[in-house]
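Undergrad: Pasting a structure below so you can have a look.
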Amino acid sequence: MQRNVIVVGALFVALGLGVFVWKTRSLGMPIIPSGEGPWRVELEITLRGEGQRGSVRAPLPSSGPGQSVFDERTASEGLLFTIRTEDGQRIGVWSGRLSGVVRVVHGFRVQTNAVRVPLPLQLPQEPPREILATYTAATTELPVHAAEIQAEIARQPLASPRDPVARIRTLFTLVSEEIGGAGTGSDDAVLTLAAREGSPRGRTLLFTTLLRAAGIPARVVQGLALRGSSAAPIQWGEAWIDERWVPFSPVDGFFAERPEGLVALHTGEGAGITATGSEAIGWRYHALRESLRQEELAAMMVPPNPLLARLSLYRLPVPTQRALRAVLLLPLGALIVAFFRNGVGVQTFGTFMPVLVAFALREASLGRGLAMVAVVVLLAILLRLLLERLRLLLVPRLSVLLCVVVLAITGMALMGSFGGGELYSAVLFPMVILTMFVERFTLVMAEEGLRQALGRAAWTTAVATAVYPIFHSTLAEHLMFGFPELVFVVIGVLVWVGGYTGYRLLDLLRFRAFARAPENPA
Amino acid sequence: MSLRIIRALRREGVLGINRRNTGYTLRWNARRFYPIVDDKLTTKERCQSAGIPVPALLAVARHHFEIPRLLREIATLDAFVLKPSHGAMGNGILVVRARDGVRFERAGGRWIGERDLRYHAASIISGLYALGGQIDDAFVEERILVHPALEDVATDGLPDLRVIVYRGVPVMSMTRLPTLRSAGRANLHQGAVGAGVDLGDGRFTHAVQENRPVSRHPDTDHPLIGHAVPHFERALEIAVAATDLTGLGYVGADVVVDAARGPLVLELNARPGLAIQLANRAGLLPRLHAVDARITPGIPLAERIALGRDIAKHAQGKFA
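Here it is, written out as structure tokens:
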């Protein structure tokens, strides 16, 4: 290796490591993620108006049993933000002139934990009168007096009104076991009862209505279920037992307890987010799980150094963070590819195809991903056998192949091979990469024969498999995202790899004859 | 095990791919000169105007609509070769050795029709065989007849002579002999025999097939060691002269010896392969270092050839 290569590489490595060591040593930033930290949740509301005044209201979560909410921040384009408290519910109000498309982002961090409420062994106290009056009343969505509801209550073998826990248990069993869940079912309590199946919302409303009809104060809680990187709307019921609200969900199967990963946003069955003076409104919750504990997070987010504080990636909006967390892993993938190509000497399709394949399969499991690659390669081989006789020109022939690959991917989507991810990341990107893969495969097959093409396909997937764990490593993600200066270290190592003039592993294999004693076959 | 191999390769001065790329092709072959060698039509043109013999160019088609004209121009020929201008490793070369009306006999004995010929030309122009897959030119050149002196050591194909020329000095050469296994192709990785050729007298010194030493041609059983390349002097001279036209410092020149016309420059390569070291059972590095130490830039061709021969002789005594 040349001296200047060593020096330049070392400079990059030293620069990256220097900043890294300084940040971890002097500023106390954690090197190893300590595990499952709080969730970062973001509500994104988009409004469209034509210049009139308007406002949007959104319920905001409070700390309470099962959740502690902190680090709230809001961003809106020219709207005035106020927080009101109405009947104990925090409500964020953004108001002002709505012209064109206006975006409101409200983010918070929340630490959730499981809650289990011990049910009273003796008969509980009667609920106070005002609770009883408010939470057993009929509403549009909770039609307590509807004939069907009353008939159902009459049919059930309910325990004495003095034992609400037994009554709840009966109604819980009814909804969880006799009322089926259906994604396309009704959202309405009475229709759900009549059809004996309903949507999660329909079943929760039915359960709450039945509780009220049985004389037990009950309400609906609207919240979010945080899983992976998604925040799905969810609702569950709460019943008043012995001076407190106790959570129940016949839909998600929790009884007098609340599992981890749920955030309560507001109570009541109505829509949470409302707007006035706006032509159209849309909203969406994003979530991202931090791999750091709260105090570690504070060190990463607000380092004592003002420049670093401004550069911290943890301050970016959630969707951008999520993309950057993936993108910052690409240099590591490139490093592995460089090692395989220049250190081992294997040939792959394109330089970064293995990284892209691994990246595309990030959402799917490795086995399923490799199966998809195998399917498209098989299709390419079959198609060649079929199309060879027609003597088509190159580009139309490749395009026919593209069409068949699209059909195959459609078929795989129907069979559920892509999981429930979002369209772009889970389907479109793998599709583009698979199409590129099969194009290279066909070209090499035409130019250098099937054996060469299969060999390269095998090496491409092998290198992709080697890269794949990186895209799934929380440690790698935390390191590259929390310490982007490590990219300089990668650059330095790449300079070293690039300056490596020694033998490749496959050189050794190829020239191994030189290690044998010189024989003279003549 | 691998340590032992590394030590042996170091001792013999075997050039590896990384070192070839960083120390030789990247260093001595400027990118802007690549088109001269990557485009075989340009190579041919340059050689012709410098008086270096090449296989005669008979017809060219640069677009699909020119294919009928190309077919008309070769209507009177009985034997010819249809080639892509940017082909690599002998891909896309179609050799016709005889014809019967509108039917053509390919080297290897398969008969094809005019439609197949047209389809092949179209595939070439579409870039199927081109490096990088860009639009390519198809051309037809005269078919080379294997020199009688090489008939016993080549099966169903055309043997060629590869000379590595470094800074204008020939440093190593080998001949690639087609076999039944290589289906008439002169590609070592497809099963052709590679025989190291002594730069001094043009005789085969050592031969390998798929990395294993062989002493006789696997199909004809003709002894290889000591067999000589005909017109070797002239072949070496035109190989070096052709590389002088390129501006490249590390080139592989491929020369064929026609039965009637003698040595002709077939093509040049800016990234010559490293298997030549196996064929010679000798590393390139000692010779390349010797050139760096002994070359005086600007010396005439004859002196450079003499220098190359002296270096090779010296290296052989030391390393073989």
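Chains as they are written, first to last, in this note's numbering: chain V, 689 to 1210; chain Z, 22 to 341.
Virtual Cβ for every residue (Gly too), placed ideally from N, Cα, C.
#1: Between the alpha carbons of Gly1031/V and Ala296/Z, how many angstroms are there, rounded?
#2: Find the residues of chain V that neighbour Ser23/Z, judging by a C-beta separation of less than 8 Å, and give them in chain order.
#3: What would DSSP say about Tyr187/Z, mapped onto helix, strand or coil?
#4: Looking at Gly13/Z: is its Cβ nearer than 7 Å to the Cβ of His210/Z?
#5: Going along the chain, which residues of its own chain have a beta-carbon closer than 7 Å to the beta-carbon of Leu830/V, five neighbours each way excluded?
#6: Can you give me the Cβ contacts of Arg891/V inside the same chain, cut-off strictly under 7 Å, excluding the 5 residues immediately before and after it?
#7: For chain V, is any of its Cβ atoms less than 7 Å away from the one on Glu33/Z?
#8: So for Ala216/Z, helix, strand or coil by DSSP?
#9: Taking only beta-carbon positions, decide if Leu1016/V is within less than 7 Å of chain Z.
#10: Residues of chain Z with CB under 7 Å from Leu1081/V, in chain order?
#11: Alpha carbons only, please: which of Gly189/Z, Thr200/Z, Val102/Z is nearest the one belonging to Arg315/Z?
#12: Tell me, to the nearest whole angstrom, how far the beta carbon of Leu182/Z is from that of Val250/Z; I am working on the premise that it is less than 8 Å.
#13: Less than 7 Å between CB atoms is the rule here; does Phe796/V satisfy it with respect to chain Z?
#14: Quick one: what's Gln763/V bridged to in DSSP?
#15: Which residue from Arg325/Z, Glu324/Z, Pro321/Z, Arg308/Z puts its Cα closest to that of Leu333/Z?
#16: My assumption, with CB atoms under 8 Å, is that Leu1058/V sits in contact with Thr1149/V. Please give the rounded CB distance.
#17: Mind pulling the chain Z residues with CB within less than 7 Å of Thr1189/V?
#18: Can you tell me whether DSSP reads Asp279/Z as helix, strand or coil?
#19: Which two residues bound the contiguous beta strand (DSSP E) that contains Gln910/V?
#20: For Arg28/Z, does the count of other Cβ atoms within 10 angstroms reach 16, so buried, or fall short, so exposed?
#21: Closest Cβ-Cβ distance between Ala1059/V and chain Z: below 7 Å?
#22: Ends of the alpha helix (DSSP H) at Ile27/Z?
#23: So with CB distances below 7 Å, who are the chain Z contacts of Asn638/V?
#24: If you drop the 5 nearest sequence neighbours on each side, which residues of the same chain put their C-beta closer than 6 Å to that of Gly34/Z?
#25: Classify Val1083/V as buried or exposed, calling it buried when 16 or more other Cβ atoms lie within 10 Å of its own Cβ.
#26: For my contact list, Arg282/Z and Pro74/Z are in at a C-beta cut-off of 8 Å; report their separation, rounded to the angstrom.
#27: Am I right that Gly134/Z and Val123/Z are in contact with their C-beta atoms under 8 Å? What's the rounded C-beta distance?
#28: Out of Leu220/Z, Asp219/Z, Leu198/Z, Gly221/Z, which has the shortest C-alpha to C-alpha gap to Gly212/Z?
#29: For Lys347/Z, write down the residues that DSSP places opposite it in a beta bridge.
#30: Under 7 Å between the Cβ atoms of Val1043/V and Val1155/V?
#31: To the nearest angstrom, report how far apart Ala80/Z and Phe160/Z are at their CA atoms.
#32: Would Ala274/Z count as contacting chain V if we go by Cβ distances under 7 Å?
#33: Under three-state DSSP, which class holds Ala702/V?
#34: Using a 10 Å radius around the Cβ and a threshold of 16 neighbouring Cβ atoms, would you call Cys1091/V buried or exposed?
#35: Restricting to Cα atoms, I'd like to know which of Leu807/V, Pro991/V, Pro747/V is closest to Trp971/V.
#36: Using Cβ-Cβ distances below 7 Å, what residues of the region 216 to 233 of chain Z are close to chain V?
TA: Short version:
#1: The count along the first sequence starts at 1 and reaches residue 1031/V at position 343. The count along the second sequence starts at 1 and reaches residue 296/Z at position 275. Cα-Cα distance, rounded: 19 Å.
#2: Within the second sequence, residue 23/Z is the residue found at index 2, counting from 1. Those are Leu1193, Leu1196, listed as they occur along chain V.
#3: Looking up residue 187/Z in the second sequence gives position 166. Tyr187/Z: strand per DSSP, three-state reduction.
#4: Limits of chain Z in this structure are 22 at one end and 341 at the other, which puts residue 13/Z out of reach.
#5: Numbered from its first residue, the first sequence carries residue 830/V at position 142. Only Ala877, Leu893, Thr896, Thr897, Arg900, Glu957 meet the Cβ criterion.
#6: By 1-based counting over the first sequence, the position of residue 891/V is 203. Within the same chain, Arg891/V has close Cβ partners Val863, Ile867, Gly869, Thr880, Pro938, Val939.
#7: Taking the first residue of the second sequence as 1, we reach residue 33/Z at position 12. Any Cβ of chain V closer than 7 Å to the Cβ of Glu33/Z would place that residue at the interface, and such an atom is present.
#8: If you number the second sequence from 1, residue 216/Z lands on position 195. Ala216/Z falls in the strand class under three-state DSSP.
#9: Taking the first sequence and counting its residues from 1, the one referred to as residue 1016/V is at position 328. For Leu1016/V, the answer is no, since every Cβ of chain Z falls outside 7 Å of its Cβ.
#10: For this step, residue 1081/V is matched to residue 393 along the first sequence. Residues of chain Z passing the Cβ test: Ala143, Ser147.
#11: Along the second sequence, one-based indexing puts residue 315/Z at 294. Of the candidates Gly189/Z, Thr200/Z, Val102/Z, the residue whose Cα lies closest to the Cα of Arg315/Z is Gly189/Z.
#12: Numbered from its first residue, the second sequence carries residue 182/Z at position 161. Numbered from its first residue, the second sequence carries residue 250/Z at position 229. About 6 Å; that satisfies the 8 Å criterion.
#13: One-based indexing of the first sequence puts residue 796/V at position 108. It does not: the Cβ of Phe796/V has no partner Cβ on chain Z nearer than 7 Å.
#14: Here residue 763/V corresponds to residue number 75 of the first sequence, with the count starting at 1. According to the sequence provided, residue 763/V is Ala. The question's Gln does not apply to it. In the DSSP output, where bridge partners are listed per residue, Ala763/V has Val793/V.
#15: By one-based count along the second sequence, residue 333/Z stands at place 312. Just to set this straight, residue 333/Z is Ala in the shown sequence, not Leu. The candidate whose alpha carbon is nearest that of Ala333/Z is Arg308/Z.
#16: Working through the first sequence from its first residue, we reach residue 1058/V at position 370. Working through the first sequence from its first residue, we reach residue 1149/V at position 461. That belief holds up - the Cβ atoms of Leu1058/V and Thr1149/V are roughly 6 Å apart, short of 8 Å.
#17: As a first step, residue 1189/V is located in the first sequence; it is residue number 501 there, counting from the start. Residues of chain Z with a Cβ closer than 7 Å to the Cβ of Thr1189/V are, in chain order, Asn39, Arg40, Thr43, Gly44.
#18: Looking up residue 279/Z in the second sequence gives position 258. For Asp279/Z, the secondary structure class from DSSP, reduced to helix, strand or coil, is strand.
#19: One-based indexing of the first sequence puts residue 910/V at position 222. Counting along the chain, the beta strand (DSSP E) containing Gln910/V begins and ends at 906 to 915.
#20: Numbered from its first residue, the second sequence carries residue 28/Z at position 7. It is exposed - the Cβ of Arg28/Z has fewer than 16 other Cβ atoms within 10 Å.
#21: Sequence index remark: in the first sequence, residue 1059/V carries index 371 (1-based). Taking Cβ atoms only, chain Z never reaches closer than 7 Å to Ala1059/V, which makes this a no.
#22: Numbered from its first residue, the second sequence carries residue 27/Z at position 6. Start and end: 23 to 33.
#23: An answer regarding residue 638/V cannot be provided, because it is not within the stretch 689 to 1210 covered by chain V.
#24: As a working note, residue 34/Z is residue 13 in the second sequence. Same-chain partners within the cutoff: Gly304, Leu306, Pro307.
#25: To locate residue 1083/V, count along the first sequence from 1; it is residue 395. Result: exposed.
#26: Working through the second sequence from its first residue, we reach residue 282/Z at position 261. Working through the second sequence from its first residue, we reach residue 74/Z at position 53. That belief holds up - the Cβ atoms of Arg282/Z and Pro74/Z are roughly 6 Å apart, short of 8 Å.
#27: As a position in the second sequence, residue 134/Z is number 113, starting the count at 1. As a position in the second sequence, residue 123/Z is number 102, starting the count at 1. By a beta-carbon distance limit of 8 Å, Gly134/Z contacts Val123/Z. Their separation comes to about 6 Å.
#28: For the purposes of this step, residue 212/Z is identified with residue 191 of the second sequence, where counting begins at 1. Distance from the Cα of Gly212/Z is smallest, within the candidate group Leu220/Z, Asp219/Z, Leu198/Z, Gly221/Z, for Leu198/Z.
#29: Outside the shown range of chain Z, which is 22 to 341, sits residue 347/Z, and nothing can be said about it.
#30: The sequence position of residue 1043/V within the first sequence is 355, counting from 1. The sequence position of residue 1155/V within the first sequence is 467, counting from 1. A contact, by the Cβ cut-off of 7 Å.
#31: The residue you call residue 80/Z lines up with position 59 of the second sequence. The residue you call residue 160/Z lines up with position 139 of the second sequence. Approximately 6 Å between the Cα atoms of the pair.
#32: Taking the second sequence and counting its residues from 1, the one referred to as residue 274/Z is at position 253. Answer no: the Cβ-Cβ gap between Ala274/Z and chain V never drops below 7 Å.
#33: By 1-based counting over the first sequence, the position of residue 702/V is 14. Of the three classes helix, strand and coil, the one that applies to Ala702/V here is helix, per DSSP.
#34: Start at 1 with the first residue of the first sequence, and residue 1091/V comes out as number 403. Answer is exposed; the Cβ neighbour count stays below 16.
#35: Start at 1 with the first residue of the first sequence, and residue 971/V comes out as number 283. Taking each of Leu807/V, Pro991/V, Pro747/V in turn and checking the Cα distance to Trp971/V, the smallest one comes out for Pro747/V.
#36: Taking 7 Å as the Cβ-Cβ cut-off against chain V, the residues of the region 216 to 233 of chain Z that qualify are Asn232.
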